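What follows is a single structure, written as structure tokens, with notes after it.
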Amino acid sequence: MQEIANLQEQVFENMFTFFTMEKEDKIDHIELLEQLISKQRILYTRLSLSDDPEAKSMLQRILDSSIEMGYPKDTDLRQILQTMEKQLCSLKKMM
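Right, here's the structure in full:
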């Protein structure tokens with residue numbers, strides 16, 4: 159969890175300056191996003207498979223947050239994360 163929090167912090171620090179970054183910095187930023195999304199996907203999958211009450215509670219908080227962000231209640235977050243990974247890969251290829 160701490161690793162995800164650290165990656166989120168790094169990503170958000172540079173989010174608003176992305177369009178003014180040099181090409182290499184943009185690629186680095188995209189790669190940070192890829193790492194973050196990969197770790198989030200793994201965490202989500204592990205939580206989904208766990209029977210632990212604390213894991214179920216954390217999963218429910220994630221699902222509740224996704225609804226607050228405007229995603230439908232029955233949205234598969236793994237699919238959303240996979241789509242994000244594909245979009246980042248395409249963006250990186252365009253660089």
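In this note's numbering, the protein residues as written are 159 to 253. The beta carbon of each residue, even a glycine, is placed where N, CA and C say it ideally should be. What you are looking at is a predicted structure, and each value in this text was computed from that prediction instead of being measured.
Work out the CA separation of residue j and residue i for me, nearest whole Å.
i: Q193; j: L165; result: 8 angstroms
i: L239; j: I195; result: 6 angstroms
i: L190; j: S248; result: 15 angstroms
i: V178; j: M227; result: Correcting the residue type first, residue 178 is Thr in the shown sequence and not Val. The straight-line gap from Cα to Cα measures roughly 27 angstroms.
What do you get for residue i, buried or exposed, if any count of 16 or more other CB atoms within 10 angstroms of its CB means buried?
i: Q198; result: buried
i: L207; result: exposed
What do you reckon, are the CB atoms on residue i and residue j nearer than 8 angstroms?
i: I188; j: K244; result: no
i: T233; j: S223; result: no
i: I185; j: M253; result: yes
In three-state DSSP terms, what is residue i?
i: S248; result: helix
i: T233; result: coil
i: D210; result: coil
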